[in-house]
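Structure first, commentary second.
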Amino acid sequence: MQNNFWQDIVKRAYDMDRPLFILAPMADVTDCVFRELIAKYSKFGTKESLLDVFWTEFVSADGLCSPVREVLKRDLVYSDKEHPIVAQLFGSNVENMRNASKLCAELGFDGIDINMGCPDKSIEKQGAGAAMMKNPENARAIIRAAYDGARDAKKEIPISVKTRIGYNKIEYKTWLEEILKEPITTLIIHFRTRKEMSLVPAHWELAREIIDYVHSLRPDLIIIGNGDVLDITDGIKKYKETGIDGVMIGRGIFGKPWLFNAIGFEPTLKQKFEILIEHTHNFEKTLGDSLIRIINSDGRITEKVVPGKSFAIMKKHYKAYINGFTGAKEFREKMMQCNNATEVEKILREFIKENFVL
Ligand SMILES: Cc1cc2nc3c(=O)[nH]c(=O)nc-3n(C[C@H](O)[C@H](O)[C@H](O)COP(=O)(O)O)c2cc1C
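For the sequence shown, UniProt numbering begins at 1 and goes up steadily by one.
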């Protein structure tokens with residue numbers, strides 16, 4: 001039987017007269033550490049949370065089928081608290097997509113999403129991301145491969161596609177018509193063209209006509225809109241105006257892991273700093289360098305440092321968390337000089353001591 005988590009969450013959102021709220025995939029932002037924080041502060045899994053689905057950052061299907069597989073699998077780490085969670089893959093090689101999809105299904109993901117919208121040149125060079133829009137035949141084969149891969153793992157999990165409304169210009173009909181022939185359950189549509197990158201406001205004014213068009217071909221398809229949804233209030237407004245099934249929020253979550261908390265939890269500056277300290281330590285512990293012990297053939301034990309993710313990733317978060325108070329700019333600059341969690345905690349604690357009555 002098909003294990004389609006979408007049916008349950010669509011029903012729940014419908015009963016509450018609200019859109020589905022989905023966390024957008026963002027490379028080097030929504031990693032397992034940030035997602036864990038989002039789950040905690042957005043109270044995921046409780047009635048107080050409006051978040052319905054987690055998404056991983058995108059992962060290369062080719063990479064998952066190569067010797068760097070073990071390193072890339074770090075981007076597929078998730079906790080039990082994050083279900084339902086969808087793994088996002090990119091790639092244009094059919095065989096690799098099938099194998100990568102099988103792996104994701106074996107790892108217990110609830111769905112597989114294929115990136116067909118990323119404008120990054122290094123991704124497009126591989127024929128993946130937004131370049132898929134130029135080669136619908138291959139795009140269709142890639143969807144089938146993801147579908148078959150999950151079934152190779154004996155998992156009937158749903159497949160979705162995240163794409164845009166055209167390549168150089170707004171021209172979604174022929175493109176969507178092609179991919180909708182394949183067995184996808186859900187379409188995530190970023191209301192911008194590839195050429196527009198994120199430089200112009202998302203074309204939410206087209207949402208209704210795109211929904212009508214998609215439903216004329218596939219009445220059952222779940223449609224998620226993406227682009228410039230700021231927060232819960234904005235998501236509900238867009239849902240009421242367009243009738244879209246759900247919204248996917250990306251940049252709105254920066255520096256606000258509590259965004260999906262339904263009761264509108266707004267932390268004090270001191271609480272924000274405590275969350276930032278927690279975030280930094282968790283990042284270092286989970287994604288920083290790690291020491292592994294290797295037992296050699298002669299029985300000797302040697303230690304090896306496996307390099308982790310760059311600490312520079314945390315600095316993107318600092319920009320988002322540290323704002324809205326006098327001296328924020330100078331303080332942010334100070335934070336940018338830090339290179340590990342101990343240094344970060346030290347200057348944040350000093351700031352807390354100087355500025356708050358404890
Ligand atoms: C730093 C960053 C990384 C991103 N990485 C991905 C990715 O891995 N996969 C993907 O499909 N989209 C990625 N995106 C695009 C977002 O998922 C989303 O489509 C886009 O930001 C528009 O939504 P927003 O206005 O809510 O941010 C990324 C965007 C940003 C800003």
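Every residue, glycine too, gets a C-beta built ideally from N, C-alpha and C.
Does the Cβ of serine 290 have 16 or more other Cβ atoms within 10 Å, making it buried, or fewer, making it exposed?
Working through the sequence shown from its first residue, we reach residue 290 at position 290. It counts as exposed.
In the DSSP assignment, find the alpha helix (DSSP H) that holds lysine 238 and state where it starts and stops.
Position 238 of the sequence shown holds residue 238. Where lysine 238 is concerned, the enclosing alpha helix (DSSP H) starts and stops at 232-242.
Does DSSP put valine 214 in a helix, a strand or coil?
Residue 214 sits at position 214 when you count from the first residue of the sequence shown. Valine 214: helix per DSSP, three-state reduction.
Please report the straight-line C-alpha distance between phenylalanine 54 and arginine 151, rounded to a whole angstrom.
Position 54 of the sequence shown holds residue 54. Position 151 of the sequence shown holds residue 151. Those two C-alpha atoms are separated by around 22 Å.
Are the region 43-51 and the region 277-287 in contact at 8 Å, needing three or more beta carbon pairs?
no
Is any heavy atom of ligand 1 found at a distance shorter than 7 Å from the C-beta of glutamine 88?
Counting from one through the sequence shown, the residue named residue 88 turns up at place 88. The answer is yes for glutamine 88.
Enumerate, from N- to C-terminal direction, the unbroken beta strand (DSSP E) stretches of 3 or more residues contained entirely within the region 50-83.
54-60
Contact check, methionine 97 vs isoleucine 142 under 8 Å by CB: the rounded distance?
The residue labelled residue 97 in the question sits at position 97 within the sequence shown. The residue labelled residue 142 in the question sits at position 142 within the sequence shown. Yes, methionine 97 and isoleucine 142 are in contact; Cβ-Cβ is about 5 Å, under 8 Å.
Just to check, is the beta-carbon of glycine 252 closer than 7 Å to a non-hydrogen atom of ligand 1?
Locating residue 252 in the sequence shown gives position 252, counting from the first residue. Yes, since a heavy atom of ligand 1 falls inside the 7 Å radius drawn around the Cβ of glycine 252.
Threshold first: 3 residues or longer. Then list the beta strand (DSSP E) segments lying entirely within the region 267-308, N to C.
Correct list: 290-295, 301-306.
Nearest-angstrom Cα separation, counted from phenylalanine 260 out to lysine 43
Mapped onto the sequence shown, residue 43 falls at position 43. Mapped onto the sequence shown, residue 260 falls at position 260. Their Cα atoms are separated by approximately 8 Å.
Quick one: using the 10 Å Cβ neighbour count with 16 as the cut-off for buried, is glutamine 88 buried or exposed?
Stepping through the sequence shown from its first residue, residue 88 is reached at position 88. With 16 or more Cβ atoms within 10 Å of its Cβ, glutamine 88 is classed as buried.
Cβ-Cβ distance between alanine 24 and asparagine 226 below 8 Å:
Position 24 of the sequence shown, counted from the first residue, corresponds to residue 24. Position 226 of the sequence shown, counted from the first residue, corresponds to residue 226. Annotated as proximal: alanine 24 and asparagine 226, with beta-carbon spacing under 8 Å.
Out of Val71, Glu36, Met16, Leu37, state which residue places its alpha-carbon closest to the alpha-carbon of lysine 309.
Position 309 of the sequence shown, counted from the start, is the residue given in the question as residue 309. When each option's Cα is compared against that of lysine 309, the closest is Val71.
I'd like the list of long-range same chain contacts for lysine 181, defined as Cβ closer than 7 Å, with 5 residues on each side in sequence excluded.
Taking the sequence shown and counting its residues from 1, the one referred to as residue 181 is at position 181. Arg140, listed in sequence order.
Tell me whether methionine 133 counts as near ligand 1, meaning its Cβ is closer than 7 Å to at least one heavy atom of that ligand.
On the sequence shown, position 133 is the one that residue 133 refers to. Checking the Cβ of methionine 133 against ligand 1 gives no.
Examine the Cβ distances between the region 158-167 and the region 175-193 and report whether three or more of them are shorter than 8 Å.
yes
Roughly how many angstroms lie between the CA atoms of leucine 176 and valine 214, to the nearest whole one?
Along the sequence shown, read from residue 1 onward, the residue named residue 176 stands at position 176. Along the sequence shown, read from residue 1 onward, the residue named residue 214 stands at position 214. Each residue's Cα considered, the two are about 8 Å apart.
Given aspartate 245 as reference, the closest of Leu230, Arg208, Asn99 once Cα atoms are compared:
Here residue 245 refers to the residue found at position 245 when the sequence shown is read from its first residue. Nearest of Leu230, Arg208, Asn99 to aspartate 245, Cα basis: Arg208.
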